[in-house]
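**Student:** Take 31 as the starting number for the first sequence in our numbering and just add one per residue. One structure, as structure tokens, below. Some questions next.
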Amino acid sequence: MIKYNKEAYQLIHDGILALSRVEQQGICVDLDYIKKEKDKITEEIKKLENEIYDSNFFKVWEKSSKTKTVNIYSGQQLSRYLYKIKGIRIKKETETGQGSTDEETLRKLNIPELDMFLRIKKLKKIRDTYLKSLERECSDGYIHPFFNLHNVRSFRSSSSAPNFQNIPVRDEESMNIVRGAIYPRPGHQLLELDYNQLEVRIAASICKDKNLIRDVTDGDMHRDMAIEIFRVDKFDSTIEGHSKLRKAAKNGFVFPQFYGDYYKNCAENLACTWGELSKSKWVSGQGIKMNGVHLSDHLIKQGIKSYVSFENHIKNIEFDFWNKRYNDYYRWRETIWNRYQHKGYVSSKTGFVFRDLMKKNDVTNYPIQSSAFHCLLWSLIEGVKAQNREHWDTKIIGQIHDSIVLDVNSSELQMVLNVMNCIMCNDVRQHWDWIIVPLEIEAEISPIGCSWAEKKPYKF
DNA sequence: GGAACTCGCCAC
DNA sequence: AAACGTGGCGAGTTCC
31 MIKYNKEAYQ
41 LIHDGILALS
51 RVEQQGICVD
61 LDYIKKEKDK
71 ITEEIKKLEN
81 EIYDSNFFKV
91 WEKSSKTKTV
101 NIYSGQQLSR
111 YLYKIKGIRI
121 KKETETGQGS
131 TDEETLRKLN
141 IPELDMFLRI
151 KKLKKIRDTY
161 LKSLERECSD
171 GYIHPFFNLH
181 NVRSFRSSSS
191 APNFQNIPVR
201 DEESMNIVRG
211 AIYPRPGHQL
221 LELDYNQLEV
231 RIAASICKDK
241 NLIRDVTDGD
251 MHRDMAIEIF
261 RVDKFDSTIE
271 GHSKLRKAAK
281 NGFVFPQFYG
291 DYYKNCAENL
301 ACTWGELSKS
311 KWVSGQGIKM
321 NGVHLSDHLI
331 KQGIKSYVSF
341 ENHIKNIEFD
351 FWNKRYNDYY
361 RWRETIWNRY
371 QHKGYVSSKT
381 GFVFRDLMKK
391 NDVTNYPIQS
401 SAFHCLLWSL
411 IEGVKAQNRE
421 HWDTKIIGQI
431 HDSIVLDVNS
441 SELQMVLNVM
451 NCIMCNDVRQ
461 HWDWIIVPLE
471 IEAEISPIGC
481 SWAEKKPYKF
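Here it is as structure tokens:
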């Protein structure tokens with residue numbers, strides 16, 4: 031039998047208390063701004079809808095429809111029209127075998143009405159998922175998102191009402207509109223403290239892979255993999271194309287591999303999504319530009335003349351990645367997978383036990399994902415303690431898996447940064463000596479009185 | 001008219 | 001043998 035782990039219990043106990051304080055403090059939102067933005071969006075949607083309704087594309091759809099009225103927002107109706115009526119060849123299917131109507135698929139069809147439709151969908155997402163929920167959950171100018179510790183299979187957290195953990199950040203326009211509604215308190219600034227590569231550092235601590243420890247301590251694995259994947263001999267991040275290659279290696283290979291993906295998916299994503307190439311024949315002048323040279327020309331010159339040979343190339347890189355570069359990590363995964371199959375459970379470093387029926391990827395990911403999040407949770411608990419003990423005017427207002435969001439009084443900024451840096455990078459390692467690599471945080475901050483959309487990296 | 005489902009999309 | 005991990009949420013749809 032597994033012993034009851036008092037330490038794991040205590041972490042959740044303290045975590046819930048700290049997070050309830052965070053929830054109670056809340057986050058300022060600007061309701062007038064939200065109303066204005068919603069109206070602007072509604073106007074634009076109306077215009078675009080009318081354009082679609084006036085189009086020949088739509089009229090044919092209406093004539094061929096089985097239903098009385100066409101609902102352009104019904105995936106089923108759209109799928110039937112595109113693939114059954116218009117006879118477009120299905121390139122991607124959904125889980126249930128229906129022709130897909132996701133953004134990537136529709137974009138490739140090059141139909142102007144569908145581009146308008148996708149624009150509407152994006153605007154609706156901003157309005158209906160984000161702005162509406164901020165408005166709905168706002169009381170007296172504040173929202174109080176829940177941070178739950180009891181929902182997630184891996185013992186991470188979740189957030190709801192509204193979900194504070196999926197606010198747009200990558201897409202410029204969505205980011206600006208939604209984060210433009212979120213404000214610090216008067217005289218304050220929004221500060222986000224983000225662990226640098228937390229999950230990878232925790233993975234290195236758990237599997238003790240020598241090369242992984244080296245790379246998170248004093249290296250750049252994404253750059254290294256970009257060099258291998260794209261066969262560039264000298265890497266210069268000041269060249270725009272090269273930082274794109276590094277990003278491609280990171281998001282198209284390294285992370286997916288760590289999560290348990292395999293080379294076929296990686297090859298497709300690297301070539302098509304990140305490299306802007308196609309799976310059909312590679313010809314000159316395709317793909318992202320690096321120093322004026324297109325990726326297709328570069329790869330062809332390097333002897334990778336087609337998608338098929340690129341896939342094979344990625345297969346070899348995957349083999350090296352797990353059998354040479356990170357072989358200790360690979361062996362750790364095999365070991366705990368075997369142990370799970372014999373004993374029926376696996377544990378995190380923080381004392382949590384997973385006894386569900388799990389796939390291999392689950393068994394190897396959960397201990398890492400949970401231990402990483404628990405570092406953040408421990409830091410948050412200590413941060414809230416400091417806030418209370420020292421009577422900060424600064425408030426911890428949220429948490430996003432590996433980052434802490436604060437509403438900081440500008441006069442306390444340097445002090446708060448020092449205290450939080452000490453907690454997040456030093457104290458947590460004293461508490462858990464199994465963390466055997468350095469931890470680092472990065473900061474982003476918005477100017478006084480400005481919304482979260484104005485956040486900028488902050489060196490300290 | 002609500003529960004449960006699918007699909008799609010936002011975050012880490 | 002398997003083949004990307006974790007959530008929340010909105011809209012459409014189907015079932016009861």
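Using N, Cα and C, we set each Cβ at its ideal position, and we do this for glycine too.
Between the Cα of isoleucine 120 and the Cα atoms of Ser104, Asn456 and Lys138, which residue gives the shortest distance?
**Tutor:** Lys138
**Student:** Assuming serine 109 contacts glutamine 128 (C-beta within less than 8 Å), just tell me the rounded distance between them.
**Tutor:** 5 Å
**Student:** For a quick check, are the C-beta atoms of isoleucine 243 and tryptophan 482 less than 9 Å apart?
**Tutor:** no
**Student:** Starting from asparagine 181, follow the beta strand (DSSP E) in both directions and report where the run begins and ends.
**Tutor:** Looking at the DSSP string, asparagine 181 is not in any beta strand (DSSP E), and its letter there is neither H nor E.
**Student:** Anyone know if the C-beta pair for methionine 255 and lysine 280 falls short of 9 Å?
**Tutor:** yes
**Student:** Between histidine 343 and glutamate 134, what straight-line distance do the alpha-carbon atoms span, to the nearest angstrom?
**Tutor:** 26 Å
**Student:** Is the stretch 454 to 470 touching the stretch 227 to 235, taking contact as three or more C-beta pairs under 8 Å?
**Tutor:** yes
**Student:** What did DSSP end up calling aspartate 437 once you bin it into helix, strand or coil?
**Tutor:** strand
**Student:** So, do the stretch 71 to 90 and the stretch 139 to 158 have three or more beta carbon pairs nearer to each other than 8 Å?
**Tutor:** yes
**Student:** Kindly give me the distance between the Cβ atoms of glutamine 141 and glutamate 258, rounded to whole angstroms, as I take these residues to be in contact under 8 Å.
**Tutor:** For the record, residue 141 in the displayed sequence is isoleucine; it is not glutamine. That pair is no contact at about 39 Å.
**Student:** Kindly indicate which three-state DSSP category glutamate 472 falls into: helix, strand or coil?
**Tutor:** Judged by DSSP in its simplified three-state form, glutamate 472 adopts strand.
**Student:** Let me make sure I understand the geometry here. Which of Gln227, Tyr83, Pro214 and Lys114 has the alpha-carbon closest to that of lysine 96?
**Tutor:** Lys114
**Student:** Determine the extent of the beta strand (DSSP E) in which lysine 425 is found, giving its start and end residues.
**Tutor:** 425 to 429
**Student:** Give the straight-line distance between the Cα atoms of leucine 136 and glycine 413, rounded to the nearest whole angstrom.
**Tutor:** 46 Å
**Student:** Run through DSSP, which three-state label would glutamate 348 get?
**Tutor:** helix
**Student:** Residues bridged to glutamate 123 by DSSP?
**Tutor:** Gly129
**Student:** For serine 326, collect the residues of the same chain with a Cβ closer than 8 Å to its Cβ; drop the 5 residues on either side in sequence, then sort them by chain order.
**Tutor:** Excluding the 5 residues flanking it on each side, serine 326 has same chain C-beta neighbours closer than 8 Å at Leu307, Trp312, Val313, Ser314, Gly315, Gln316 and Gly317, in chain order.
**Student:** Roughly how many whole angstroms lie between the Cα atoms of asparagine 299 and cysteine 480?
**Tutor:** CA-to-CA, the gap between asparagine 299 and cysteine 480 works out to about 37 Å.
**Student:** Exposed or buried, which one is tyrosine 538 when buried takes at least 16 other CB atoms within 10 Å?
**Tutor:** Here the chain has residues from 31 to 490 only, and residue 538 is not among them.
**Student:** Per the DSSP calculation, methionine 255 is bridged to which residue(s)?
**Tutor:** The partner list for methionine 255 (beta bridge, DSSP) is empty, contrary to what the question assumes.
**Student:** Could you pull out every residue in the same chain whose Cβ sits closer than 7 Å to the Cβ of glycine 381, ignoring the five residues on either side in sequence?
**Tutor:** Asn35, Glu37 and Ala38
**Student:** Should proline 214 be labelled buried (16 or more other beta-carbon atoms within 10 Å of its own) or exposed?
**Tutor:** Flag for proline 214 reads buried.
**Student:** For the alpha helix (DSSP H) containing glutamine 460, list its first residue and its last residue.
**Tutor:** Where glutamine 460 is concerned, the enclosing alpha helix (DSSP H) stretches over 458 to 461.
**Student:** Hey, quick one: how far does the beta strand (DSSP E) through glutamine 219 stretch, first residue to last?
**Tutor:** First-last of the beta strand (DSSP E) with glutamine 219: 218 to 225.
**Student:** Assign arginine 209 to buried or exposed, taking buried as 16 or more other Cβ atoms, counted over all protein chains shown, within 10 Å of its Cβ.
**Tutor:** buried
**Student:** Could you tell me the distance, in whole angstroms, from the CA atom of serine 476 to the CA atom of tyrosine 488?
**Tutor:** Distance between serine 476 and tyrosine 488, taken at the CA atoms: about 9 Å.
**Student:** Per DSSP, what are the beta-bridge partners of valine 522 in this structure?
**Tutor:** In the structure as shown, the chain starts at 31 and stops at 490, and residue 522 therefore has no counterpart that could be examined.
**Student:** Should arginine 276 be labelled buried (16 or more other beta-carbon atoms within 10 Å of its own) or exposed?
**Tutor:** buried
**Student:** Identify the residues that DSSP records as bridge partners of isoleucine 118: which are they?
**Tutor:** DSSP, once it has assigned bridges, lists no residue as partnering isoleucine 118.
**Student:** Would you kindly work out how many angstroms separate the C-alpha atoms of methionine 205 and threonine 72, rounded to a whole number?
**Tutor:** 18 Å
**Student:** Along the chain, which unbroken stretches of the alpha helix (DSSP H) at least 4 residues long are found entirely within the stretch 77 to 107?
**Tutor:** 86 to 94
**Student:** Using only the alpha-carbon positions, how far apart do lysine 264 and glutamate 270 sit?
**Tutor:** Taking C-alpha positions only, lysine 264 is separated from glutamate 270 by approximately 14 Å.
**Student:** Is there contact between the stretch 181 to 199 and the stretch 394 to 401, where contact requires at least three CB pairs shorter than 8 Å?
**Tutor:** yes
**Student:** For tyrosine 359, does the count of other Cβ atoms within 10 angstroms reach 16, so buried, or fall short, so exposed?
**Tutor:** buried
**Student:** Starting from valine 59, trace the beta strand (DSSP E) both ways and give me its first and last residue.
**Tutor:** 57 to 59
**Student:** Once you ignore the five residues that flank methionine 31 on each side, which residues in its own chain have a CB closer than 8 Å to its CB?
**Tutor:** Legend: pLDDT at methionine 31 = 45, less than 50; position of this residue unreliable, value from coordinates given subsequently. So the list is empty, once near-sequence residues are dropped.
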